[in-house]
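Chemist: Numbering (this note's numbering), first residue to last: 35 to 237.
Cβ coordinates follow ideal geometry from the N, Cα and C atoms, glycine included.
My structure is below; once you've seen it, I'll send some questions.
Structure follows, in structure tokens:
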């Protein structure tokens with residue numbers, strides 16, 4: 035957690051730059067402070083320090099200048115935060131869309147597995163019917179045996195293709211689940227960051 039920037043810190047940085055005969059600019063002071071604190075806070079504290087060193091005659095002019103600088107800094111910081119929030123919202127939307135797409139891919143893989151199972155059961159039923167007809171009809175034994183052999187070869191080919199495709203689908207499902215998990219983590223982090231930003235902006 036960053037330390038809170040104080041007026042004493044800024045005064046010490048100004049004194050250090052003055053002792054080194056360097057220009058006391060906001061960028062130089064921020065560098066001496068190791069970039070602690072926001073530029074808005076630094077502008078406010080430096081303006082207060084500068085105001086202490088001016089005469090009463092110059093106090094009204096210094097206050098007006100300070101208010102103008104403070105207003106510009108506040109507007110710049112507000113615009114930067116709005117841009118960051120817009121980017122976060124866009125990232126969250128894109129992650130949600132990608133998550134929906136991956137869920138669709140996973141559902142498609144499951145549907146394909148179910149379809150292959152139905153085809154396998156249908157072929158097995160057809161094979162049983164052919165074998166049963168071959169046993170019941172001696173006259174058509176050869177034809178039935180040949181048909182059964184063909185069906186067996188087709189079934190073997192289908193099972194091999196089914197096994198290969200099933201392996202590929204399982205691999206794709208595993209990769210899809212991992213990507214979905216990664217996107218879920220990113221979505222959670224993005225939501226947490228957005229909530230933190232909102233909480234920080236609340237008075």
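Can you have a look at residue 106 and say buried or exposed, based on whether 16 or more other CB atoms are within 10 angstroms of its CB?
Modeler: Per the 10 Å Cβ criterion, exposed.
Chemist: Using 9 angstroms as the threshold, is the C-beta distance between residue 76 and residue 228 below it?
Modeler: Going by C-beta atoms, residue 76 is not nearer than 9 angstroms to residue 228.
Chemist: Pairs of beta-carbons, one from the stretch 199-211 and one from the stretch 141-158, closer than 8 angstroms: are there three or more?
Modeler: yes
Chemist: Using 9 angstroms as the threshold, is the C-beta distance between residue 170 and residue 179 below it?
Modeler: no
Chemist: If I'm right that residue 161 touches residue 194 with Cβ under 8 angstroms, what's the distance once you round it to whole angstroms?
Modeler: The pair is not a contact, with the Cβ atoms about 16 angstroms apart (cut-off 8 angstroms).
Chemist: With C-beta atoms as the reference, is residue 125 less than 9 angstroms away from residue 224?
Modeler: yes
Chemist: Does the Cβ-Cβ distance between residue 136 and residue 213 come in under 9 angstroms?
Modeler: yes
Chemist: Find out if the Cβ-Cβ distance for the pair residue 63, residue 38 is shorter than 9 angstroms.
Modeler: no
Chemist: In whole angstroms, what separates the C-alpha of residue 220 from that of residue 78?
Modeler: 36 angstroms
Chemist: For the alpha helix (DSSP H) holding residue 44, just list the boundary residues, first then last.
Modeler: 41-53 is the span of the alpha helix (DSSP H), which, as asked, contains residue 44.
Chemist: Go ahead and pull the three-state DSSP assignment for residue 84.
Modeler: helix
Chemist: Quick one: is residue 127 buried, meaning 16 or more other Cβ sit within 10 Å of its Cβ, or exposed?
Modeler: exposed
Chemist: Is it right to say residue 80 is buried, meaning 16 or more other beta carbons lie within 10 angstroms of its own, or is it exposed?
Modeler: buried
Chemist: Could you tell me the distance, in whole angstroms, from the CA atom of residue 129 to the CA atom of residue 231?
Modeler: 19 angstroms
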